Amino acid sequence: MSSVRIDDLPIRDELRGKSPYGAPQLDVPVQLNTNENPYPLPEPLVERIAERVREAARGLNRYPDRDAVELRTELARYLTRTGGYPLTLANVWAANGSNEVLQQLLQTFGGPGRSAIGFEPSYSMHALISRGTGTGWISGPRREDFTIDVAAAERAIAEHRPDVVFITSPNNPTGTAVEAETVLALYEAAQAAKPSLVVVDEAYVEFSHQPSLLPLLEGRPNLVVSRTMSKAFGAAGLRLGYLAADPAVVDAVQLVRLPYHLSAVTQATALAALEHTDTLLGYVDQLKKERDRLVSELRAMGYEVTDSDANFVQFGRFDDSHSAWQQILDRGVLVRDNGVPGWLRVTAGTPAENDAFLDAVRALMTERSKKEQSA
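Sequential numbering from 1372 applies to the sequence shown in my numbering.
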């Protein structure tokens, strides 16, 4: 076995000392740490996937449709129906998960000598993919309540003049939604500093109380909205992400995409899922109710809870969040220690899973109260 460490290798300087993205995958009864949809795909969809994949398998000796025309057309139809803004094939691009979509955008609009800004805490892959593409990363400010301070954000954009601006709505890990007025203000600030790409990451938007920000694409060629099928579609194992933007942006990312990057099997599976959107969005409605129940019951116990528009809830505050995480784990429930001091994050699961989680944190609160009384 080699005793060489990563930092002993001739890797790029900006990667030294960094850790790869990931969440603990532990064998416990209740796993609520990775924002997965807890409901398995309905059997009619499973059968339809099998039919489409069987058909695709007959042609696996040939390369897949390089431009994923049928899939992009159906994604555009879905976005038009649910997002309140008309889109066509030319406005949509798809890749292996939303992370590859973001990577392609940074390869195209970022890179060495360029920079990206995000308002943290936020989705940590924005910074990781930026560094991975040689794009400088700038950590922008948020308020104490995790909303974006527009004036402070505008100042940061004016000062740093980034090439890419990330806005996450709903935000991960806090669940905070972003108002359209905020996006418009930051878009204008980004164009005034220098023409920059503004990426609105809507991975969790189907769970939001607020409508999609897709209509903001009108007349804004440097605005992109990214999406995923991992959450609302319950298809985390599929790895299918997509974006909506001006056709020129779609053309631009194709300059860096790998040849035939979306397999025929991936395209077939995604198309089958899109045939069952009404059923899948019904599961989303159930999860929204469970998320709101988590918020209500956690607050009733005395926990602080960030308003959530996603399929997860950030709660606290803890003097030692990692210790609290371990105590919940000891009761058979895995949540996420998301790196925000004093806070933890729990994914909305099935009613039974959520009950187990609530029992665990109720016991934790009881123990805390006993300690405070005896102190």
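Virtual Cβ for every residue (Gly too), placed ideally from N, Cα, C. Since this is a predicted model, take the numbers as computed values, not measurements.
Simplified DSSP state of residue i, which is helix, strand or coil
i: Leu-1397; result: coil
i: Tyr-1434; result: coil
i: Val-1704; result: strand
i: Ser-1510; result: strand
i: Gly-1653; result: helix
i: Ala-1548; result: coil
i: His-1531; result: helix
i: Leu-1658; result: helix
i: Phe-1578; result: helix
i: Phe-1604; result: coil
i: Phe-1517; result: coil
i: Thr-1459; result: coil
i: Gly-1503; result: helix
i: Glu-1666; result: The amino acid occupying residue 1666 in the given sequence is Val; Glu does not appear at that position. DSSP places Val-1666 in helix when its eight states are reduced to three.
i: Pro-1391; result: coil
i: Pro-1586; result: helix
i: Asp-1680; result: coil
i: Leu-1473; result: helix
i: Leu-1386; result: helix
i: Arg-1526; result: helix
i: Ser-1495; result: helix
i: His-1693; result: helix
For residue i: DSSP bridge partner residues
i: Glu-1675; result: Gly-1687
i: Gly-1612; result: Ala-1466, Thr-1599
i: Phe-1537; result: Val-1570
i: Leu-1594; result: Val-1569
Proximity to residue i [Cα-Cα], best of the options
i: Gly-1481; options: Val-1535, Gln-1685, Ser-1510, Asn-1470; result: Val-1535
i: Val-1576; options: Glu-1559, Ala-1643, Ala-1564, Asn-1543; result: Asn-1543
i: Gln-1698; options: Leu-1735, Phe-1604, His-1531, Ser-1679; result: Leu-1735
i: Leu-1476; options: Glu-1646, Leu-1626, Thr-1553; result: Leu-1626
i: Arg-1702; options: Asp-1678, Asp-1379, Asp-1730, Arg-1716; result: Asp-1730
i: Leu-1555; options: Asp-1384, Leu-1412, Ile-1538; result: Ile-1538
i: Thr-1506; options: Tyr-1434, Asp-1691, Ala-1529, Asp-1384; result: Asp-1384
i: Leu-1658; options: Trp-1464, Glu-1426, Asn-1406; result: Asn-1406
i: Ala-1563; options: Ala-1527, Leu-1633, Ala-1623; result: Ala-1527
i: Leu-1665; options: Leu-1557, Val-1732, Pro-1533; result: Val-1732
i: His-1497; options: Asp-1656, Leu-1652, Ala-1574, Val-1440; result: Ala-1574
i: His-1693; options: Arg-1429, Ile-1488, Gly-1713, Val-1704; result: Gly-1713
i: Ala-1551; options: Leu-1645, Glu-1530, Ile-1519; result: Ile-1519
i: Ala-1615; options: Arg-1628, Ser-1583, Ala-1635; result: Ser-1583
i: Leu-1629; options: Gln-1474, Ser-1390, Asp-1379; result: Gln-1474
i: Gly-1484; options: Val-1571, Arg-1532, Asp-1649, Pro-1400; result: Arg-1532
i: Ser-1495; options: Arg-1739, Ala-1641, Pro-1391; result: Pro-1391
i: Leu-1609; options: Leu-1652, Ser-1493, Val-1424, Thr-1545; result: Val-1424
i: Ala-1340; options: Arg-1670, Ser-1540, Ala-1487, Tyr-1654; result: This structure leaves residue 1340 out entirely; the chain is present only between 1372 and 1746.
i: Val-1570; options: Ala-1671, Gly-1489, Pro-1415; result: Gly-1489
N-terminal and C-terminal residue of the alpha helix (DSSP H) that residue i is part of
i: Thr-1553; result: 1551-1564
i: Gly-1489; result: Taken as a continuous stretch (DSSP letters only), Gly-1489 belongs to no alpha helix (DSSP H), being part of the beta strand (DSSP E) at 1486-1490.
i: Asp-1726; result: 1722-1745
i: Ala-1643; result: 1635-1645
i: Val-1424; result: 1414-1428
Host beta strand (DSSP E) of residue i (start-end)
i: Leu-1403; result: Careful: Leu-1403 lies outside any beta strand (DSSP E) and carries neither H nor E.
i: Ile-1377; result: Careful: Ile-1377 lies outside any beta strand (DSSP E) and carries neither H nor E.
i: Ala-1336; result: The structure shown does not extend to residue 1336, since the chain is modelled only from 1372 through 1746, so no value can be given for it.
i: Arg-1443; result: Note, Arg-1443: premise wrong, no beta strand (DSSP E); alpha helix (DSSP H) at 1440-1454.
i: Arg-1716; result: 1714-1718
i: Ala-1619; result: Ala-1619 -> not in any beta strand (DSSP E); alpha helix (DSSP H) instead, spanning 1618-1624.
Sub-8 angstroms separation of residue i and residue j beta-carbons
i: Leu-1588; j: Tyr-1456; result: yes
i: Gly-1605; j: Tyr-1410; result: yes
i: Leu-1460; j: Thr-1451; result: no
i: Pro-1722; j: Glu-1661; result: yes
i: Val-1711; j: Trp-1696; result: no
i: Gly-1454; j: Leu-1633; result: no
i: Glu-1491; j: Ser-1510; result: yes
i: Gly-1687; j: Leu-1715; result: yes
i: Arg-1591; j: Tyr-1558; result: yes
i: Asn-1462; j: Pro-1618; result: yes
i: Glu-1525; j: Ala-1560; result: yes
i: Thr-1479; j: Val-1624; result: yes
i: Ala-1639; j: Ala-1427; result: yes
i: His-1580; j: Pro-1413; result: no
i: Thr-1553; j: Phe-1517; result: no
i: Ala-1447; j: Gly-1612; result: no
i: Leu-1386; j: Arg-1502; result: yes
i: Val-1676; j: Ala-1719; result: no
i: Pro-1435; j: Ala-1635; result: yes
Any non-hydrogen atom of the ligand GTP within 7 angstroms of residue i CB
i: Ser-1601; result: The ligand GTP is absent from the structure shown, which contains no ligands of any kind.
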